[in-house]
Amino acid sequence: MLQGKCIDTGGSTNLTKGELYYLFPHGGHAYCASRFPRPGSHFGTYQKNHFELVDVAIDAPAQVLNKYLARVVKPPSRFYRTDEEYIITEPKADGYYSVFFKHRPDGPPIGAYKRTECFERIVSFKESATETTTIFEVGDIVEIVDASLIRHKHYENGVQATVIENFYGCISIKRNELVDRKVISSVLLIGEELQAIRKVGSRTVLETAMVNDKLEKVHDVPEIVNMPVNKQKYEQLSLF
Numbered sequence: 127m128l129q130g131k132c133i134d135t136g137g138s139t140n141l142t143k144g145e146l147y148y149l150f151p152h153g154g155h156a157y158c159a160s161r162f163p164r165p166g167s168h169f170g171t172y173q174k175n176h177f178e179l180v181d182v183a184i185d186a187p188a189q190v191l192n193k194y195l196a197r198v199v200k201p202p203s204r205f206y207r208t209d210e211e212y213i214i215t216e217p218k219a220d221g222y223y224s225v226f227f228k229h230r231p232d233g234p235p236i237g238a239y240k241r242t243e244c245f246e247r248i249v250s251f252k253e254s255a256t257e258t259t260t261i262f263e264v265g266d267i268v269e270i271v272d273a274s275l276i277r278h279k280h281y282e283n284g285v286q287a288t289v290i291e292n293f294y295g296c297i298s299i300k301r302n303e304l305v306d307r308k309v310i311s312s313v314l315l316i317g318e319e320l321q322a323i324r325k326v327g328s329r330t331v332l333e334t335a336m337v338n339d340k341l342e343k344v345h346d347v348p349e350i351v352n353m354p355v356n357k358q359k360y361e362q363l364s365l366f
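In our numbering, the protein residues as written are 127 to 366.
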């Protein structure tokens, strides 16, 4: 697996100079770039001269790096927001440190950076691990506890919703109740936004699909056809 540091964005807003990416060959002169070690998660194809390859010791024992709960001070890319919290490692020998979602510290890294001014360490991960972290799964019933973190007016505090998608910590929830007889669209929660909800129950994936199906078909009311009175009388007379 190849990894490379971006040395030239080429005017692309998706690349950040100095950031480390996973690279997958695309033809003879380009790479598919990804923040995750999977070809299917790439976000674009770029010429090879945009990257400087970094040696990755595949066969060497993995270096155990200390992890820290850290706060974003100067966002290294548009993906981050100031004051959000993530898990970061101490720098490796090449100076790069990895960044993980706070609620998935053992998952794949979401980025690698060399600039130390981007994050402010709060406490070591071992100490922060004493806090309970909820892992949300598809079918979980959640309640909104901090609507200020959700940019949707129909998801106020106390409202219950169902988790309908979960992809590496980025979850989508859909409100369970209708508003003015209308189905409310789902919202995507990521990073600190996950603190806006708490789990209150769960249902099976099949039940979740049935609930969503009922919500979508709530307006499918059968049409009632009234037969003309004259036709009814005609049909009665025709019996004799």
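Virtual Cβ for every residue (Gly too), placed ideally from N, Cα, C.
Check	Outcome
Is it true that the CB of H176 sits closer than 7 Å to the CB of G136?	yes
So K174 packs on Y157, CB below 8 Å; how close in whole Å?	6 Å
Using CA atoms only, rank isn't needed, just tell me which of R164, L320, S298 is closest to S274.	L320
Do you know whose CA, among V225, P202, H278, lies nearest F162's CA?	V225
From this set, V326, H152, Y239, E178, which residue's C-alpha is nearest H168's C-alpha?	H152
Please report the straight-line C-alpha distance between E282 and I270, rounded to a whole angstrom.	7 Å
CA-CA distance, V268 and R230?	19 Å
Taking the continuous beta strand (DSSP E) assigned at L128, which residues delimit it?	128 to 132
In chain order, what are the residue ranges of uninterrupted alpha helix (DSSP H) at least 4 long that sit wholly in the stretch 198 to 266?	251 to 254
Between Y148 and A159, what straight-line distance do the alpha-carbon atoms span, to the nearest angstrom?	6 Å
How far does the beta strand (DSSP E) with K325 in it extend, from its first residue to its last?	323 to 328
Please report the distance separating the alpha-carbon of P201 from that of G130.	20 Å
Roughly how many angstroms lie between the CA atoms of E178 and G154, to the nearest whole one?	16 Å
Distance, Cα to Cα, R301 vs I133?	44 Å
Could you have a look at P151 and say whether DSSP puts it in helix, strand or coil?	strand
With DSSP collapsed to three states, give me the class of S138.	coil
Grouping DSSP H, G and I as helix and E and B as strand, with all else coil, what is L320?	helix
Less than 8 Å between the CB atoms is what I'm expecting for R329 and G284, so what's the real figure, rounded?	19 Å between Cβ atoms; not a contact.
Can you name, in chain order, every residue of its own chain whose Cβ lies under 8 Å from the Cβ of H280, other than the five neighbours on each side?	R301, V305, I310
Where do the ends of the beta strand (DSSP E) carrying G166 lie?	Careful: G166 lies outside any beta strand (DSSP E) and carries neither H nor E.
According to DSSP, Y194 sits in a beta bridge with which residue or residues?	I214, S250
Considering only their Cβ atoms, is the gap separating Y212 from A196 smaller than 7 Å?	yes
Based on Cα-Cα distance, which residue from E210, V313, G221 lies nearest to V289?	V313
Below 6 Å CB to CB, which residues in the same chain sit around P217 once its five sequence neighbours on both sides are set aside?	Y223
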